[in-house]
Amino acid sequence: MTEPHAESASRSAANTVRDQVSFVRARRGGFETLTLVAEPWTDRPGAAHLSLAQILRRYGAGYPARRACPTSRHFVRQGERPVRFARDPMISRLSSLASATEAATVNSIRVELADTRAMIRFEPEWSDLVTRSLEPNVFFDPAFALPLLQHDGFARPPVFLLAWQEDGTVSRGRLAGLLPVMLPPRARLFGPGFVRGFQNKQIALGAPLLDETCGMEAFDAMLTELSARDSGLNGMILSEIPADGPFFTAWRAYCAETGRSIAILGEHQRAVLFRRPRDRAGNVISLPKAKRRKELRRKGRRLGELGKLSYRSAATVAEVRVAVEQFLALESNGWKGRRQTSLLSSPSLATFTRTMTRLLAYEGRCRIDSLELDGKPVAMGILLTAGKRAFFWKTAFDENFAHLSPGVQFVHALTQAQAEGRHDMTDSCAVPDHPMIDHIWPDRLAMGEYIIELCVSSSSPGRFAAAMRAELARRRLRQMLHSGVHMLPRKAVFEARVALARLNFLRRRVVLFLKNRIARSFDGAGKSEG
Numbered sequence: 002m003t004e005p006h007a008e009s010a011s012r013s014a015a016n017t018v019r020d021q022v023s024f025v026r027a028r029r030g031g032f033e034t035l036t037l038v039a040e041p042w043t044d045r046p047g048a049a050h051l052s053l054a055q056i057l058r059r060y061g062a063g064y065p066a067r068r069a070c071p072t073s074r075h076f077v078r079q080g081e082r083p084v085r086f087a088r089d090p091m092i093s094r095l096s097s098l099a100s101a102t103e104a105a106t107v108n109s110i111r112v113e114l115a116d117t118r119a120m121i122r123f124e125p126e127w128s129d130l131v132t133r134s135l136e137p138n139v140f141f142d143p144a145f146a147l148p149l150l151q152h153d154g155f156a157r158p159p160v161f162l163l164a165w166q167e168d169g170t171v172s173r174g175r176l177a178g179l180l181p182v183m184l185p186p187r188a189r190l191f192g193p194g195f196v197r198g199f200q201n202k203q204i205a206l207g208a209p210l211l212d213e214t215c216g217m218e219a220f221d222a223m224l225t226e227l228s229a230r231d232s233g234l235n236g237m238i239l240s241e242i243p244a245d246g247p248f249f250t251a252w253r254a255y256c257a258e259t260g261r262s263i264a265i266l267g268e269h270q271r272a273v274l275f276r277r278p279r280d281r282a283g284n285v286i287s288l289p290k291a292k293r294r295k296e297l298r299r300k301g302r303r304l305g306e307l308g309k310l311s312y313r314s315a316a317t318v319a320e321v322r323v324a325v326e327q328f329l330a331l332e333s334n335g336w337k338g339r340r341q342t343s344l345l346s347s348p349s350l351a352t353f354t355r356t357m358t359r360l361l362a363y364e365g366r367c368r369i370d371s372l373e374l375d376g377k378p379v380a381m382g383i384l385l386t387a388g389k390r391a392f393f394w395k396t397a398f399d400e401n402f403a404h405l406s407p408g409v410q411f412v413h414a415l416t417q418a419q420a421e422g423r424h425d426m427t428d429s430c431a432v433p434d435h436p437m438i439d440h441i442w443p444d445r446l447a448m449g450e451y452i453i454e455l456c457v458s459s460s461s462p463g464r465f466a467a468a469m470r471a472e473l474a475r476r477r478l479r480q481m482l483h484s485g486v487h488m489l490p491r492k493a494v495f496e497a498r499v500a501l502a503r504l505n506f507l508r509r510r511v512v513l514f515l516k517n518r519i520a521r522s523f524d525g526a527g528k529s530e531g
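Residues 2 to 531, numbered by my numbering, are exactly what the sequence shown covers, in order.
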């Protein structure tokens, strides 16, 4: 096909894809199938020479719009069969025609696994990928992830999946994808193995860093590489993934092209704040009930009677250095300090917080806001930014003023401040059904936990379905054991935990003793040979 004919075919193919994509359900061989159905749509500038996944990413996968795949968010509920995306002939034809002119420019993608020490060497390429990522994720930024891995103790640290796009200019190529994962042990006693996205209490988003232009191809290459390394792996589990975010929307479309399967393990709603104009009273949002608004204004007046009330933001490196120490002390003096869950209760977490906030402050992506009474903070919050999104990472308040709700007063002041900022969305990073922020921020973000198929073959549907059922059974068993432990007397639970801790301590001592004996024996053998 000559170049003019390829260009016209690509344009006609792109013009037959619509931003409203529907799914047709069917039963084929006892397996529930979803098939993408593309309908004609009006021409949009720049739609030519794009694949189906790129069209959905560009025109129907952004916040807060939810236009792409509106009916496909709930793939499989717990206990049902996993969904198999069928390869539709129409989609295959559209994809091949739309990428006909760019097939010569797309280079091969090479995948490798690297540990934390190797990632320090790749920090420049890593930082460059953050600036062109499909979905911004500050928690996988090197300024956040590297200090966390270096200072927080991990029994099994994660490994990083790196996808390099070979362009011939540098030895390794251009970094097109990055995802930290936890690999299962080779010797698996219970059922099939799953690769799991890296999870930590300090991480509130699990979307991988993928290049805007070839991110889906890079992610597909990651899955293929994992399947080739270990044939016993059946899927990848990713948690804290926005169900309508750019990454998952584009991946759903890509699965329709490649025939991969996706199963859902669970979903929940998280409070977020989209940028909106102020109302006539000058507020961004107001509490739904008049009684609650009146009570909050009364407490605000009483708090102001105790001294001069002010709202301050620390954004420079010097200001953040001082503000983070105030935040650590304020959090430690509250209920988190009494429960030993504050950042200052763990020296490693305190060091991580200091390092991370200063590194991000150097780039202008960390802000610590505070509600102050006569210059002394009564409530504070740490905000991290990535692209057009802000993440309300941590908050703390002075419990001496708990009867005046300083934390709620601070969140209201923060909400008004975010209206004047440049961020399209502020993520609360809160747990589902949070008792405080869910009543203040009206917007919600659907978060999900998904299993993605690794290997696509003739026997993969049944194998993937069996693996998903085994994972659901394992989770139900763990939930039953957890519920049974809570029914036991507290004294028995405490004694059992003490016994397990002693056994673990003895195990570590024995392992250390054996390692020292082996090392001494090797040293003695080396000296005798010398």
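Glycine residues also receive a C-beta, built at the ideal position from the N, C-alpha and C atoms.
At what residue ranges does the segment 225-310 contain a whole run of the beta strand (DSSP E), taking only runs of 3 or more? 234-243 and 262-275
Based on the DSSP secondary-structure assignment, which residues constitute the bridge partners of Leu426? Strictly speaking, residue 426 in this sequence is Met, with Leu absent from that position. Met426 pairs with Phe275 and Arg390.
Take the Cβ of Phe155 as the centre, count every other Cβ of all protein chains shown within 10 Å, and call the residue buried at 16 or more, exposed below. By the neighbour-count definition (other C-beta atoms within 10 Å, threshold 16), Phe155 is an exposed residue.
Need the endpoints of the beta strand (DSSP E) that Leu130 sits in, please. Element bounds for Leu130: not the beta strand (DSSP E) but the alpha helix (DSSP H), Glu124 to Thr132.
C-alpha distance - Arg303 paired with Thr396, whole-angstrom precision: About 22 Å.
Other residues of its chain near Val325: CB distance less than 7 Å, five sequence neighbours each side excluded: Thr354, Arg355, Thr358 and Ile369
For the alpha helix (DSSP H) containing Arg418, name the first residue and the last one. Before going further, note that residue 418 is Ala rather than Arg in the sequence given. It spans Pro407 to Ala420 - the alpha helix (DSSP H) in which Ala418 sits, taken as one unbroken run.
Specify whether the segment 221-236 and the segment 107-125 touch according to this definition: at least 3 beta carbon pairs, one from each stretch, less than 8 Å apart. Using a C-beta cut-off of 8 Å, the segment 221-236 makes contact with the segment 107-125, since at least three inter-stretch Cβ pairs fall below that distance.
Below 8 Å, how does it come out for the segment 376-384 and the segment 333-350: are there three or more Cβ pairs, yes or no? Not touching, per the Cβ criterion.
Find the nearest neighbour of Gly301 within the set Gly233, Gln200, Gly408 and Ser343, judged by alpha-carbon distance. Residue Gly408 is the option with its Cα nearest to Gly301.
Looking at the strands, I want to know which residues DSSP matches up with Arg445. Ala272
Rounded C-alpha distance that separates Pro137 from Arg122: 22 Å
7 Å CB neighbourhood of Cys367 in its chain, flanking five on each side removed: Val321, Thr358, Leu361 and Leu385
Assumed close pair Glu450, Ser240 - CB separation to whole angstroms, cut-off 8 Å: 5 Å
Can you tell me whether DSSP reads Leu179 as helix, strand or coil? Leu179: strand per DSSP, three-state reduction.
Considering only their Cβ atoms, is the gap separating Ala208 from Pro243 smaller than 8 Å? yes
Nearest-angstrom beta carbon gap, Pro159 and Met120 [assumed within contact, 8 Å]: With a Cβ gap of about 10 Å, Met120 and Pro159 do not count as contacting.
Same chain, Cβ closer than 6 Å to Phe514, neighbours up to 5 away in sequence not counted: none
Just mark Val511 as buried or exposed, buried being the case when its beta carbon has 16 or more other beta carbons within 10 Å. exposed
For my contact list, Asp444 and Leu297 are in at a C-beta cut-off of 8 Å; report their separation, rounded to the angstrom. With a Cβ gap of about 20 Å, Asp444 and Leu297 do not count as contacting.
For Phe402 and Gly305, the rounded distance between their alpha carbons: 12 Å
Whether Ile452 touches Val412 by CB criterion (8 Å): no
Run the CB neighbour count on Ile263, radius 10 Å, all protein chains shown included, and call it buried at 16 or more, exposed below. buried
What is the DSSP secondary structure of Leu455, counted as helix, strand or coil? DSSP, reduced to helix, strand and coil, places Leu455 outside both helices and strands of the structure shown, so it counts as coil.
To which residues does DSSP link Ala380 through a beta bridge? Answer by DSSP bridge pairing, in chain order: Leu372 and Phe398.
If Phe398 and Thr427 are in contact, beta carbons under 8 Å, what's the gap, nearest whole angstrom? Not really, about 19 Å apart at Cβ, beyond 8 Å.
Output the boundary residues of the alpha helix (DSSP H) element that contains Gly338. Trp336 to Arg339
According to DSSP, residues forming a beta bridge with Tyr312: Leu372
Can you tell me whether DSSP reads Gly216 as helix, strand or coil? Residue state, collapsed to three classes: helix.
CB-CB under 7 Å to Leu150, same chain, minus the five flanking residues each way: which ones, in chain order? Thr117 and Pro158
If we count the other Cβ atoms within 10 Å of its Cβ and call it buried at 16 or more, is Thr132 buried or exposed? exposed
Nonlocal neighbours in the same chain, by C-beta distance under 6 Å from Ser134, ignoring five residues either side: Leu210
Just to confirm the assignment, what range does the beta strand (DSSP E) spanning Val160 have? Where Val160 is concerned, the enclosing beta strand (DSSP E) stretches over Val160 to Gln166.
Below 8 Å between beta carbons: does that hold for Pro181 and Phe141? Yes; because the gap between Cβ atoms is below 8 Å, this pair is in contact.
Apart from the five residues on each side of it in sequence, which residues of its chain come closer than 6 Å, Cβ to Cβ, to Gly267? Glu450
What number of angstroms, rounded off, separates the C-alpha of Leu350 from the C-alpha of Gly463? 44 Å
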